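Notes follow the structure.
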Amino acid sequence: MVHIMEKKNKQQAKEEQYLLEVKGLKKYFDVSEGWLKKEKQYLKAVDDIDFYVKQGETLGIVGESGCGKSTTGNLIMQLLDKTEGEILFEGVDLSTLKGEALRKKRAEIQMIFQDPFSSLNPRMRVFEIIAEPLRTHQAAKGKKLENQVYELMEVVGLDRSYARRYPHEFSGGQRQRIGIARALALKPKLIICDEPVSALDVSIQSQILNLMAKLQKDFQLTYIFIAHGLPAVKHISDRVAVMYLGKIVEITTKEKLFHQPFHPYTEGLLSAVPIPDPTLREQKHRIILEGDMPSPANPPSGCRFHTRCPYAQEQCKGEEPKLIEEKPDHFVACHFPLKEGHGVLIDQ
Amino acid sequence: MTEALLEIKDLKTYFHTENGVVPSVDGVSFSIKKGETIAVVGESGSGKSVTSLSIMGLVGSPGKIVGGEVLFEGKDLTAISKRDMRKLRGNDIAMIFQEPLTSLNPLFTVGNQISESIKLHQNASKEQAKVKSIEMLRKVGIPRPEKVYSSYPHLLSGGMRQRVMIAMALSCNPKLLIADEPTTALDVTIQAQILQLMRNLIHENDTSILLITHDLGVVAEMVDTVIVMYAGHVVEYTDVYTLFKEPKHPYTKGLLDSTPKIHELKDELQSIEGTVPTPGSITQGCRFQTRCPLASGKCFTEDPELKEIAQNHKVRCWLHEEGEVAI
């Protein structure tokens with residue numbers, strides 16, 4: 001009895017340290033054509049995914065276009081209604097909250113968008129943009145509000161004198177700083193970053209990545225970093241989830257994932273990233289994945305990756321693999337996880 | 001080695017706008033040998049795309065080539081007639097663009113668009129052109145080329161469209177292929193397919209390639225020689241191994257240091273402060289002065305020249321005026 005109690009406590013302790021937990025999350029979009037057809041057709045953008053995010057860590061979500069990574073971010077943000085599953089933020093299912101309670105919780109989750117050009121209202125001045133969330137949530141007003149906005153601008157490296165300017169007067173990197181300041185305004189616990197650096201030049205990307213890392217340390221933030229660019233994800237993340245056609249195929253710490261991936265898709269994805277060192281040109285283990293990503297409206301049967309997988313066998317066509325913990329803290333959804341998968345890390 | 005296939009001398013392409021003259025490309029010189037792959041690297045506004053358009057004679061109003069020469073096999077392309085340029089374009093020099101959807105005509109079938117240039121440049125009949133087009137589609141790895149031949153571009157995926165563009169560009173066996181960010185719009189596994197395809201084609205046909213890109217990873221994997229551009233100037237020009245090992249210009253070094261290294265577990269990112277200046281805003285001194293950590297004295301008053309500091313290694317920086325300097 002004591003034993004069971006202990007186990008239960010342990011379980012509870014484990015759950016408590018998760019800031020966010022996603023269980024069996026699904027999002028189907030109705031794409032039926034014609035009103036005579038009886039059968040509905042669905043695009044399964046996110047299809048039964050589970051993961052958790054610990055307090056203070058960065059979880060990277062990578063995958064190619066159409067894999068469902070942005071939909072996942074939008075679902076957590078409650079910008080889209082889920083079809084099924086649970087999104088637990090500090091143990092509370094966000095979809096069960098209504099009215100004031102939801103508004104309060106929502107302030108604790110913020111988002112940074114990919115396109116700094118379209119995510120800032122062109123008719124608002126920088127000051128108003130950053131002040132808006134503070135006003136909406138009645139977090140501050142008057143002189144206090146003003147001070148907070150200036151403080152936020154300073155934190156993200158924007159000069160105070162810019163407060164009266166409009167977004168079009170800024171470069172891409174500076175606009176992204178404005179977006180970050182806005183996201184920080186309500187002192188959130190979790191920030192969802194959807195491709196925050198993809199639209200920026202290389203030298204500006206590193207400025208934003210460094211700024212994000214600094215803010216995380218200073219404000220004990222937790223990030224979900226959604227991107228297709230693996231180098232940036234590897235740089236900033238603690239753990240990484242790889243998505244393919246609406247499923248998580250592998251999720252583990254970045255060291256394990258980039259050193260020795262278990263899933264053939266992860267291996268192919270890593271191998272596809274060009275390494276910025278010409279001396280490694282010849283010794284690189286190159287795996288070229290054939291074909292295109294199938295349409296998520298009509299995914300392949302069984303394992304969704306079997307049409308492009310170089311190691312696919314008969315079983316893969318019929319039976320869908322589940323995400324299981326192959327090694328401690330290393331989850332993979334594959335019938336035949338790689339024993340000696342090739343990573344990209346070069347031992348120094 | 002042999003004589004240069006393409007030689008650009010002091011090319012100047014300026015845009016005449018309401019707010020004055022914008023020198024997008026300002027005195028750029030480089031050359032490409034036969035079979036060589038060369039990359040022009042730079043961030044937005046560096047003038048890399050305008051350089052490629054200038055070579056192709058495709059700079060539109062208000063832009064204009066105001067000086068310099070583009071010598072292709074000894075012939076100055078800036079001086080020849082439009083008619084002669086049309087004969088060259090698509091035949092001897094071909095180009096692939098970044099966005100394969102907008103560079104294919106949505107109203108014509110894929111086959112129609114590929115055979116157009118074959119018919120035009122090689123005096124082929126309709127049937128011959130079709131046979132050749134299908135052969136090219138097969139060569140670039142398109143499954144069921146006969147079917148794709150008669151499809152419209154919107155039916156194809158991004159990777160397939162880029163393959164069609166490559167098939168079209170290579171259909172007349174060009175001597176020079178200009179690829180402007182050919183894989184930037186593609187997913188990474190598709191990018192790997194296209195790069196592999198380009199590598200094979202270079203090998204088979206001995207085509208020279210001018211690759212315009214911002215991705216240092218692609219540069220490291222693909223090219224022999226690199227030209228780094230900043231604000232309309234060439235700031236460094238050397239072979240790919242030297243560039244990654246011993247960059248001499250502070251901008252090149254900054255660019256390398258701000259690139260996340262996928263193959264290293266711990267990668268500290270150094271960033272370059274500030275933003276790329278708008279073209280024409282810096283009128284005095286080195287154009288990198290506003291962001292350079294090492295700028296001093298002369299940098300603010302005089303513009304350095306592109307100078308050869310070692311064999312096949314040119315740098316535009318005052319630091320190297322007096323010889324070797326570690327940066």
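As they're listed, the protein sequences go chains Y and X.
With full-length UniProt numbering applied, the first sequence corresponds to residues 1 to 348, in that order.
With full-length UniProt numbering applied, the second sequence corresponds to residues 1 to 327, in that order.
A virtual CB, placed ideally from N, CA and C, is assigned to each residue, including glycine.
Here the structure is a predicted model, which means the values were calculated and not measured.
N- and C-terminal bounds of the alpha helix (DSSP H) containing residue i
i: S271(Y); result: P264 to A272
i: T136(Y); result: V126 to T136
i: R239(Y); result: Counting along the chain, R239(Y) falls outside any alpha helix (DSSP H), though it belongs to the beta strand (DSSP E) covering R239 to Y244.
i: T189(X); result: V188 to N205
i: H259(Y); result: K254 to H259
i: K143(Y); result: G142 to V155
i: I55(X); result: K48 to M56
i: K317(Y); result: E314 to G318
Coil, strand or helix - residue i by DSSP
i: T109(X); result: coil
i: A220(X); result: helix
i: P231(Y); result: helix
i: T307(Y); result: coil
i: I8(X); result: strand
i: G27(X); result: strand
i: D84(X); result: helix
i: D48(Y); result: strand
i: H16(X); result: strand
i: K214(Y); result: helix
i: R291(X); result: coil
i: K247(Y); result: strand
i: T78(X); result: coil
i: E321(X); result: coil
i: L20(Y); result: strand
i: G34(Y); result: coil
i: S208(X); result: strand
i: E308(X); result: strand
Buried or exposed (CB count within 10 angstroms, at least 16 for buried), residue i
i: Y149(X); result: buried
i: I324(Y); result: exposed
i: E204(X); result: exposed
i: R304(Y); result: buried
i: H16(X); result: exposed
i: M127(X); result: Note on residue identity: the sequence assigns Glu, not Met, to residue 127(X). Burial call: exposed.
i: A79(X); result: exposed
i: T136(Y); result: exposed
i: G63(X); result: buried
i: K147(X); result: exposed
i: M1(Y); result: With a pLDDT of only 49 at M1(Y), under the threshold of 50, the placement of this residue in the model should not be trusted; the figure read from the coordinates follows. So M1(Y) counts as exposed.
i: F300(X); result: exposed
i: Q114(Y); result: buried
i: T37(X); result: buried
i: V188(X); result: buried
i: Q176(Y); result: buried
i: Q174(Y); result: buried
i: G297(X); result: exposed
i: A169(X); result: buried
i: D329(Y); result: exposed
i: P196(Y); result: buried
i: A310(X); result: exposed
i: P106(X); result: exposed
Residue j beta carbon less than 7 Å from that of residue i
i: I112(Y); j: I180(Y); result: yes
i: I226(Y); j: K69(Y); result: yes
i: V22(X); j: G280(X); result: yes
i: S198(Y); j: S258(X); result: no
i: I251(Y); j: G268(Y); result: no
i: V50(X); j: S24(X); result: yes
i: I262(X); j: L209(Y); result: no
i: L186(Y); j: P116(Y); result: no
i: S125(X); j: L176(X); result: no
i: L88(Y); j: E146(Y); result: no
i: G42(X); j: K48(X); result: yes
i: S271(X); j: Q207(Y); result: yes
i: G67(X); j: K12(X); result: yes
Residue span of the beta strand (DSSP E) that contains residue i, given as start and end
i: A94(X); result: I93 to I96
i: E326(Y); result: I324 to K327
i: K314(X); result: H313 to V315
i: K64(X); result: G63 to F72
Return the chain-ordered ranges of every beta strand (DSSP E) run that is complete within the region 164–203 of chain Y and spans a minimum of 3 residues. 190–194
Counting only runs that start and end within the region 234–261 of chain X, where is the alpha helix (DSSP H) found for 4 or more residues in a row? 240–245 and 250–257
Where in the region 121–201 of chain X do unbroken runs of the alpha helix (DSSP H), each at least 4 residues long, occur, reported from the N-terminal end onward? 126–139, 145–149 and 158–170
List in chain order: all unbroken alpha helix (DSSP H) runs of 4+ residues lying wholly within the region 42–126 of chain Y. 69–76 and 99–106
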